[in-house]
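Colleague:
Number of protein chains: 2
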Amino acid sequence: MELHNYSSHLLEKAVNEFAKLPGIGKKTALRLVLHLLNQDEADVSNFGESIIQLKKEIKHCKKCNNISDTEICNICTNPNRAGNIICVVESIRDVMAIENTHQFNGLYHVLGGIISPMDGIGPNDLSIDLLEKSILENKIEEIIFALPTTMEGDTTNFYLFKKLNKYEVTFSVIARGVAIGDELEYIDEITLGRSIVARSVYENTLSQ
Amino acid sequence: MELHNYSSHLLEKAVNEFAKLPGIGKKTALRLVLHLLNQDEADVSNFGESIIQLKKEIKHCKKCNNISDTEICNICTNPNRAGNIICVVESIRDVMAIENTHQFNGLYHVLGGIISPMDGIGPNDLSIDLLEKSILENKIEEIIFALPTTMEGDTTNFYLFKKLNKYEVTFSVIARGVAIGDELEYIDEITLGRSIVARSVYENTLSQ
Numbered sequence: 001m002e003l004h005n006y007s008s009h010l011l012e013k014a015v016n017e018f019a020k021l022p023g024i025g026k027k028t029a030l031r032l033v034l035h036l037l038n039q040d041e042a043d044v045s046n047f048g049e050s051i052i053q054l055k056k057e058i059k060h061c062k063k064c065n066n067i068s069d070t071e072i073c074n075i076c077t078n079p080n081r082a083g084n085i086i087c088v089v090e091s092i093r094d095v096m097a098i099e100n101t102h103q104f105n106g107l108y109h110v111l112g113g114i115i116s117p118m119d120g121i122g123p124n125d126l127s128i129d130l131l132e133k134s135i136l137e138n139k140i141e142e143i144i145f146a147l148p149t150t151m152e153g154d155t156t157n158f159y160l161f162k163k164l165n166k167y168e169v170t171f172s173v174i175a176r177g178v179a180i181g182d183e184l185e186y187i188d189e190i191t192l193g194r195s196i197v198a199r200s201v202y203e204n205t206l207s208q
Numbered sequence: 001m002e003l004h005n006y007s008s009h010l011l012e013k014a015v016n017e018f019a020k021l022p023g024i025g026k027k028t029a030l031r032l033v034l035h036l037l038n039q040d041e042a043d044v045s046n047f048g049e050s051i052i053q054l055k056k057e058i059k060h061c062k063k064c065n066n067i068s069d070t071e072i073c074n075i076c077t078n079p080n081r082a083g084n085i086i087c088v089v090e091s092i093r094d095v096m097a098i099e100n101t102h103q104f105n106g107l108y109h110v111l112g113g114i115i116s117p118m119d120g121i122g123p124n125d126l127s128i129d130l131l132e133k134s135i136l137e138n139k140i141e142e143i144i145f146a147l148p149t150t151m152e153g154d155t156t157n158f159y160l161f162k163k164l165n166k167y168e169v170t171f172s173v174i175a176r177g178v179a180i181g182d183e184l185e186y187i188d189e190i191t192l193g194r195s196i197v198a199r200s201v202y203e204n205t206l207s208q
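Protein chains in written order, with this note's numbering: chain C, 1 to 208; chain L, 1 to 208.
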C-alpha cells in the first residue's frame, strides 16, 4: 500500500525520518514508529536521546580515527597492546570484526572509507595524514592492510603503499584464499587461482 | 559476527536502543547507527527529536481512537463523511489501507488490537467502551467489521456482535474470497470453499 493519508503530522514526520535510514522503506518505518508509540514514554525518550547524544558527544580517536568516547580510544591507550604494528581498516565495523577473532594485539587505523572514484571518494576524504603522523611519531615496524578485497580496496592499498613506502616500515596484506569451510567448486576462479599460486607448506595445524 | 568490543559506550547504547525495535538485529542496528554518525548533527537531532515529540504530543482521537494531532481526528471532524456508518479496524494501519482504496466514506473505530488469549489481549484491552459510546451518542446505522480474517479476528467480531447486538444497528463484515489476481490452484481450501458458497450473481463490472 502507498502511504499518504496520515492522520497525524507528527506520525508522518517520524515515519519520514525513519524512512531516511538505509534499507528502511515507508512501510517498515511505519511499523517501527507504531511500535515506539506502544512503548513507555520514558523508553521512547531514551531512544531519541541516545541518538542525539551519540552524534553530539561521540569523538574520533585522535590517534587512530576509531570512534571513541574519549580523545584517545581505549585500544590506543591500552598498554598491553603492541604499539609497533598498525592494522589499516576501512571502518569501525572492521575493527570490531578483527577484535572478535582475538588474533591481533596491535593498534588500528580507521581510514573512514576507501578510494572509490565511482562514489566520489578520493584520498583526501580518508584519514591518511593521521596515519602518516602515527608512523612519524611512533616506532611503527609493520603496517597491515586489512581493506576489502575489491578493486577499490586494492587501489587504496596501492595508494597507501606508494605514499608511505619511503618510511622504514614493513607492509603486509591479510591473506587471501579459500575461506574455511568453503567447497572448491563454488569458489570464484580468481580466488581459487590465487590460492594455488600463494600456497604454503602443509602443516597439520593450518585449518585449526 | 558477534557484537561486543564496542569502542564507545555511546555507540553501544544507541545500537542497543535500535536493536529493541522489531525486526532489527544488532548488526542492522550498528549499520543504522553508523549511517546516522555520517549525517549532519542537525539532521540526527531532528530524527531524535521527532521520535521524542511523537510519543509526547501525539493523541488518540476521543471519538474513534485513531492517532491524531488533535483531540478529535480529521476524519471524525470531516463534514463530508457519512457519520452514520462506522468501520471497525484493528489498527491505524488498517485505516490507512482502507483510505487508500477510496471506497469508504464513513467513520472508523480503531480497536487498538484484537482479542487474543495467546498474547494476553482481552476485551478490556481494546477500546470497545468508546465504540459503544459512539453508538449511543450518534445515529449509527451500520457497523462494518474489518478485522483480520483470522481466528482472533473472528473471535473479536463475535464478541463485538454479542455485546452490541442490542442496539438497532446493522452489522456487516468485509467480503472474504479470492483476491483479485490470484490463481485458484494456489488458494487455501477454506477461502476457495467459502468463495463458492458465498458466490454472487455475475456482473460484467465485478473485477474492474
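From the three backbone atoms N, C-alpha and C, an ideal C-beta is built for every residue, glycine too.
Predicted model, so just to flag it, every value in this text is computed and none were measured.
(1) How many Å lie between residue 117(C) and residue 191(L) at the Cα?
(2) Taking Cβ-Cβ distances shorter than 8 Å, what residues in chain C pair up with residue 62(L)?
(3) Report the option in 5(L), 62(L) and 96(L) whose CA atom is closest to the CA atom of residue 31(C).
(4) In chain L, which residues lie with their C-beta within 9 Å of the C-beta of residue 22(C)?
(5) Measuring only the C-alpha atoms, how far is residue 169(L) from residue 8(C)?
(6) Are residue 156(C) and residue 115(C) closer than 9 Å when you measure CB to CB?
(7) Rounded to the nearest angstrom, what separates residue 166(L) and residue 123(L) at their Cα positions?
(8) Go ahead and label residue 56(L) buried or exposed: buried means 16 or more other beta carbons lie within 10 angstroms of its beta carbon, across all protein chains shown.
(9) Let me make sure I understand the geometry here. Which of 49(C), 22(C), 111(C) and 38(C) has the alpha-carbon closest to that of residue 39(L)?
(10) Quick check on this structure: which residue in 179(C), 61(C) and 129(C) has the alpha carbon closest to the alpha carbon of residue 163(C)?
(11) Cα-Cα, which of 125(L), 74(L), 29(L) and 10(L) is closest to residue 6(C)?
(12) Using a threshold of 9 Å, state whether the C-beta atoms of residue 58(C) and residue 48(L) are closer than that.
(13) Are the C-beta atoms of residue 159(L) and some chain C residue less than 9 Å apart?
(14) Which residues in chain C have a C-beta closer than 7 Å to the C-beta of residue 166(L)? List them in chain order.
(15) Which first and last residues belong to the beta strand (DSSP E) in which residue 145(C) is found?
(16) Taking the DSSP output, what are the residues bridged to residue 116(L)?
(17) My output table needs one value for residue 50(C): the three-state DSSP class, helix, strand or coil.
(18) Closer than 7 Å, Cβ to any Cβ of chain L: which residues of the region 171-184 of chain C, in chain order?
(19) Short check: CB of residue 143(C) to CB of residue 171(C), under 9 Å?
(20) If you compare alpha carbons, which of 63(C), 35(C) and 37(C) is closest to residue 133(C)?
(21) Could you name the residues of the region 75-106 of chain L whose beta carbon sits closer than 8 Å to any beta carbon of chain C, in the order they occur along the chain?
(22) Residues of chain B with a CB under 7 Å from the CB of residue 46(C): which are they?
(23) Quick check: the Cα distance between residue 159(L) and residue 44(C), rounded to an integer number of angstroms?
(24) Considering residue 170(L), what are the terminal residues of the alpha helix (DSSP H) in which it resides?
(25) For the putative contact between residue 147(L) and residue 88(L), defined by C-beta atoms under 8 Å, what is the C-beta separation to the nearest angstrom?
(26) In angstroms with no decimal places, state the Cα-to-Cα distance between residue 17(C) and residue 79(C).
(27) Compare the C-alpha of residue 112(L) against each of 176(L), 175(L) and 60(L) and name the closest.
(28) What does a CB cutoff of less than 8 Å around residue 69(L) pick up in its chain, not counting 5 residues either side in sequence?
(29) Entirely within the region 42-113 of chain C and at least 4 residues each: give me those alpha helix (DSSP H) ranges in chain order.
(30) Could you have a look at residue 13(L) and say whether DSSP puts it in helix, strand or coil?
(31) What is the rounded straight-line gap between the Cα of residue 137(L) and the Cα of residue 119(L)?
(32) Any idea what DSSP makes of residue 30(L), helix, strand or coil?
(33) Locate the alpha helix (DSSP H) running through residue 129(L), then write down its first and last residues.
(34) For residue 199(L) and residue 149(L), I'd like the C-alpha separation in whole angstroms.
(35) Taking C-beta to C-beta, are residue 107(L) and residue 92(L) nearer than 9 Å?
(36) Check whether the Cβ of residue 13(L) lies closer than 9 Å to any Cβ atom in chain C.
Modeller: A quick look at the data gives this:
(1) Along the first sequence, read from residue 1 onward, the residue named residue 117(C) stands at position 117. Along the second sequence, read from residue 1 onward, the residue named residue 191(L) stands at position 191. If you take the alpha carbons of residue 117(C) and residue 191(L), they lie about 55 Å apart.
(2) Against the second sequence, residue 62(L) aligns to sequence position 62. Going along chain C, no residue has its Cβ under 8 Å from residue 62(L), so there is no contact; the nearest lies around 13 Å.
(3) Mapped onto the first sequence, residue 31(C) falls at position 31. Nearest C-alpha to residue 31(C): 96(L).
(4) Counted from its first residue, the first sequence places residue 22(C) at position 22. Within chain L, the residues near residue 22(C) are 31, 32 and 35.
(5) The sequence position of residue 169(L) within the second sequence is 169, counting from 1. The sequence position of residue 8(C) within the first sequence is 8, counting from 1. Cα-Cα distance, rounded: 30 Å.
(6) The residue you call residue 156(C) lines up with position 156 of the first sequence. The residue you call residue 115(C) lines up with position 115 of the first sequence. Contact: yes.
(7) Position 166 of the second sequence holds residue 166(L). Position 123 of the second sequence holds residue 123(L). So the alpha carbons of these two residues sit roughly 18 Å apart.
(8) Start at 1 with the first residue of the second sequence, and residue 56(L) comes out as number 56. When all chains shown are included, residue 56(L) counts as exposed.
(9) Residue mapping note: residue 39(L) aligns to position 39 of the second sequence, counting from 1. Comparing Cα-Cα distances from residue 39(L) to each of 49(C), 22(C), 111(C) and 38(C), the minimum goes to 22(C).
(10) Looking up residue 163(C) in the first sequence gives position 163. The shortest C-alpha separation from residue 163(C) is found at 129(C).
(11) By one-based count along the first sequence, residue 6(C) stands at place 6. Comparing Cα positions, the closest option is 74(L).
(12) Along the first sequence, read from residue 1 onward, the residue named residue 58(C) stands at position 58. Along the second sequence, read from residue 1 onward, the residue named residue 48(L) stands at position 48. No, the pair does not count as a contact, with Cβ atoms beyond the cut-off.
(13) To locate residue 159(L), count along the second sequence from 1; it is residue 159. Taking Cβ atoms only, chain C never reaches closer than 9 Å to residue 159(L), which makes this a no.
(14) Your numbering for residue 166(L) matches position 166 in the second sequence. Going along chain C, no residue has its Cβ under 7 Å from residue 166(L), so there is no contact; the nearest lies around 31 Å.
(15) Here residue 145(C) corresponds to residue number 145 of the first sequence, with the count starting at 1. Segment 142-145, the beta strand (DSSP E) holding residue 145(C).
(16) As a working mapping, residue 116(L) is identified with position 116 in the second sequence. According to DSSP, which records beta bridges pairwise, residue 116(L) is partnered with 121(L).
(17) Reading the first sequence from its first residue, position 50 is the one you call residue 50(C). In the structure shown, residue 50(C) falls within a helical segment according to DSSP collapsed to helix, strand and coil.
(18) none
(19) Working through the first sequence from its first residue, we reach residue 143(C) at position 143. Working through the first sequence from its first residue, we reach residue 171(C) at position 171. Yes; because the gap between Cβ atoms is below 9 Å, this pair is in contact.
(20) In the first sequence, counting from the first residue as 1, residue 133(C) sits at position 133. Out of 63(C), 35(C) and 37(C), 63(C) has the C-alpha closest to the C-alpha of residue 133(C).
(21) Within the region 75-106 of chain L, the qualifying residues are 75, 91, 92, 93, 95, 96, 97, 99 and 100.
(22) As a matter of chain content, chain B is missing from the structure shown, whose protein chains are C and L.
(23) Sequence index remark: in the second sequence, residue 159(L) carries index 159 (1-based). Sequence index remark: in the first sequence, residue 44(C) carries index 44 (1-based). Answer to the nearest angstrom: the Cα atoms are 33 Å apart.
(24) As a first step, residue 170(L) must be located in the second sequence, where it is residue number 170. Premise fails: residue 170(L) lies in the beta strand (DSSP E), 170-173, not in any alpha helix (DSSP H).
(25) The count along the second sequence starts at 1 and reaches residue 147(L) at position 147. The count along the second sequence starts at 1 and reaches residue 88(L) at position 88. Indeed they touch by this definition, with Cβ atoms about 7 Å apart.
(26) Taking the first sequence and counting its residues from 1, one reaches residue 17(C) at position 17. Taking the first sequence and counting its residues from 1, one reaches residue 79(C) at position 79. Residue 17(C) and residue 79(C): Cα-Cα distance of roughly 42 Å.
(27) Here residue 112(L) refers to the residue found at position 112 of the second sequence. Nearest C-alpha to residue 112(L): 60(L).
(28) Position 69 of the second sequence holds residue 69(L). Excluding sequence neighbours, residue 69(L) sits near 57, 58 and 59.
(29) The region 42-113 of chain C contains these whole alpha helix (DSSP H) runs: 92-101.
(30) Taking the first residue of the second sequence as position 1, residue 13(L) is located at position 13. Helix, per DSSP.
(31) On the second sequence, residue 137(L) is found 137 positions in, with the first residue counted as 1. On the second sequence, residue 119(L) is found 119 positions in, with the first residue counted as 1. Residue 137(L) and residue 119(L): Cα-Cα distance of roughly 32 Å.
(32) Walking along the second sequence from the start, residue 30(L) turns up at place 30. Helix, per DSSP.
(33) Position 129 of the second sequence, counted from the first residue, corresponds to residue 129(L). Run containing residue 129(L): 128-137, per the alpha helix (DSSP H) assignment.
(34) Numbered from 1 along the second sequence, position 199 holds the residue referred to as residue 199(L). Numbered from 1 along the second sequence, position 149 holds the residue referred to as residue 149(L). Residue 199(L) and residue 149(L): Cα-Cα distance of roughly 18 Å.
(35) Here the question's residue 107(L) lines up with position 107 in the second sequence. Here the question's residue 92(L) lines up with position 92 in the second sequence. Taking C-beta atoms as the reference points, residue 107(L) and residue 92(L) fail to come closer than 9 Å.
(36) Numbered from 1 along the second sequence, position 13 holds the residue referred to as residue 13(L). Interface residue, yes.
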